[in-house]
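Sequence lines, in order, name chains A and B. 4 is the number of the first residue of the first sequence in our numbering; add one for each residue after it. 4 is the number of the first residue of the second sequence in our numbering; add one for each residue after it. The beta carbon of each residue, even a glycine, is placed where N, CA and C say it ideally should be. Heads up, the thing below is written out as structure tokens.
Number of protein chains: 2
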Amino acid sequence: MDSAVCAALAARDYDAYALHFSYGQRTEQRELQSARQVAEALNFSSFLHLEIDLFHRIGGSALTDPAITVPKAPEHEPIGQTIPVTYVPFRNAHFLAAAVSWAEVLGARAIFIGAVEQDSSGYPDCRPAYYQAFQQLVRTGTREGDIEILTPLIHLKKRQIVAMGLELGAPFNLTWSCYSGADEACGECDSCVLRLRAFDEAGTPDPIPYALRNPS
Amino acid sequence: MDSAVCAALAARDYDAYALHFSYGQRTEQRELQSARQVAEALNFSSFLHLEIDLFHRIGGSALTDPAITVPKAPEHEPIGQTIPVTYVPFRNAHFLAAAVSWAEVLGARAIFIGAVEQDSSGYPDCRPAYYQAFQQLVRTGTREGDIEILTPLIHLKKRQIVAMGLELGAPFNLTWSCYSGADEACGECDSCVLRLRAFDEAGTPDPIPYALRNPS
């Protein structure tokens, strides 16, 4: 959802190239399908699909290790107070490193990433300080040092992201957020719960189907 | 050569785990063979070999794109004044990102990388400021924020690295530095020329064979 809104922003302002990763996450086939459809719907110039085998090899996260269960979101507690087992160690650095390498070859000026701090699950690599550090890494470690790392959603609440996406015409119907679902989103993991709350607060229905929307 | 000396330092002070990358570089099979042998000679606890298909996919470097020729080193000019065509865009960020992810899972305290600034080929991702920025990225973007990025060779001259390697017993005979050679190192690329100069200045013979040591 966040990536789709971020992609819609990028496509509005730039000749945009999409980069998508399969990194052994449980829903990688489903995410790939969504990402391709979103990029196509937004008229991206190119779609680069990369595979990272590292996380499958080293384990350590519920998103990439079948031996660790994806927990249900707590019913009456805030999400994001501690780092959860779905944290994939230093994952976004891999995504950004690839984006910077490709940007250098393309001569691209900016990299968009849909990281969100406040309403996120407490992942350290979703905080503004992390992206400031990455910007400094780009300044010091690339040919020209001038590629911008943009995180236009980072200070938004999830409901604001839904509102922005509706305004931009982001294809929410094509997106996928669930950590553990198969044909339909589970409705119970942190990611589903945050998404459902966001649409609820924005006063608009989430257009994707859920296996278990109202379990009680 | 630099990696082997750095590995010898790590193995002296820590229970060390080796991480090696095939990223589509011309000599990836030969480098892999050397890396395995060096890690074995230094009694590393583990050897993780990762493959990165990005650089092959995006091109842009003489090291990974067969369409770009690896140049011969200039005969009477210093190496490292400009960024050469062998620069692989933002390469070391990919190496370090993988090392940090693995370190988080292992509970490792430090990451060693054999980057060298002064005598290197002018790569932006071999400068101290770049590693300072990466350290900040680790502080802000990992679970505990306490993994150290160590660049013990960064301020050394190549001849000092040779001297340090001799003192530590680094297995120079097992190493590989050439950018473009096959069975034997070419003796003509920047990497070979810097290496040969280093051994020469250190007053000790380089133990590996060269196809073309004295072309004149």
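Looking at C-beta atoms only, is the number of pairs between the stretch 199 to 214 of chain A and the stretch 165 to 175 of chain B that lie closer than 8 Å three or more?
Result no; under three Cβ-Cβ pairs closer than 8 Å.
Any idea which residues DSSP pairs A:S49 with across the strands?
Per DSSP, A:Y20.
Please name the residues in the stretch 137 to 160 of chain B whose beta-carbon is closer than 7 Å to at least one beta-carbon of chain A, in chain order.
Flagged, chain order: F137, Q139, L140, T143, G144, T145 and R146.
Taking the alpha helix (DSSP H) that B:A166 belongs to, which residues open and close that run?
From DSSP, the alpha helix (DSSP H) with B:A166 extends over K161 to L171.
Can you give the beta carbon distance from A:A10 to A:V41, rounded, assuming they're within the 8 Å contact cut?
Between A:V41 and A:A10 the Cβ distance is about 6 Å, and since that is below 8 Å, they are a contact.
Would you report the Cα separation of B:A7 and B:L153, rounded to the nearest angstrom?
Whole-angstrom Cα-Cα distance: 15 Å.
Can you tell me which of the three DSSP states B:I150 falls into?
Coil.
Nearest to A:L53 by CA position, among A:K160, A:A65, A:F175 and A:G27, is which residue?
Ranking A:K160, A:A65, A:F175 and A:G27 by Cα distance to A:L53 puts A:G27 first.
B:P127 and A:R146 - do their beta-carbons sit closer together than 8 Å?
Yes. Within cutoff.
Cβ closer than 8 Å: which chain B residues qualify as neighbours of A:H97?
Residues of chain B passing the Cβ test: H97, A100, A101 and S104.
Determine, for B:V108, whether the minimum Cβ-Cβ distance to residues of chain A falls below 8 Å.
For B:V108, the answer is yes, since a Cβ of chain A falls inside 8 Å of its Cβ.
List, in order along the chain, the chain B residues whose C-beta lies closer than 8 Å to that of A:L51?
By Cβ distance, chain B contributes R60 and I61.
Who are the near neighbours of B:D203 in its chain, counting only those whose CB is closer than 7 Å to its CB and skipping five residues on each side?
Contacts found: none.
Based on the DSSP secondary-structure assignment, which residues constitute the bridge partners of B:A188?
Paired residues: B:Y213.
Measuring straight from C-alpha to C-alpha, what distance separates B:G190 and B:C181?
In a straight line, the C-alpha of B:G190 is about 7 Å away from that of B:C181.
I think B:Q99 touches B:I86, with their Cβ atoms under 8 Å apart; what is that distance to the nearest whole Å?
For clarity, residue 99 of chain B is Leu in the given sequence; the question names Gln instead. The Cβ separation is near 19 Å, so there is no contact.
Between which residues of its own chain and A:I150 is the CB-CB distance below 8 Å, once the five residues before and five after are set aside?
Result list for A:I150: V103, A106, E107, A111, R112, A113, I114 and V141, in chain order.
Suppose only complete runs of 4+ residues qualify. What are the alpha helix (DSSP H) ranges in the stretch 55 to 120 of chain B, listed by chain order?
Listed in chain order, they are 57 to 61 and 94 to 109.
Can you name the start and end residues of the alpha helix (DSSP H) that B:F137 belongs to?
B:F137 -> alpha helix (DSSP H) spans P131 to G144.
Could you tell me whether any Cβ in chain B is nearer than 8 Å to the Cβ of A:E43?
Output row for A:E43: interface = no.
How should A:H158 be labelled, buried or exposed, when 16 other C-beta atoms within 10 angstroms of its C-beta is the threshold for buried?
By the 10 Å Cβ count, A:H158 comes out exposed.
Quick check: what's the CA-CA separation for B:P218 versus B:K75?
Its pLDDT being 46, under 50, B:P218 is placed unreliably by the model, and the measurement read from it follows with that caveat. The straight-line gap from Cα to Cα measures roughly 12 Å.
Is it true that the CB of B:A38 sits closer than 8 Å to the CB of B:A21?
Yes, these two residues count as a Cβ contact at 8 Å.
Cβ atoms of A:G144 and B:A96: under 8 Å apart, would you say?
Yes. Within cutoff.
Output the boundary residues of the alpha helix (DSSP H) element that contains A:Q36.
Here the alpha helix (DSSP H) through A:Q36 covers E31 to A44.
With a threshold of 16 other CB atoms inside 10 Å of the CB of A:R130, please say whether the residue is buried or exposed.
Under this definition A:R130 is a buried residue.
Give me the residue from A:V119, A:T30 and A:Q121 with the minimum Cα distance to A:A65.
Comparing Cα-Cα distances from A:A65 to each of A:V119, A:T30 and A:Q121, the minimum goes to A:T30.
Indicate whether A:T178 and A:M4 have their beta-carbon atoms separated by less than 8 Å.
Yes, these two residues count as a Cβ contact at 8 Å.
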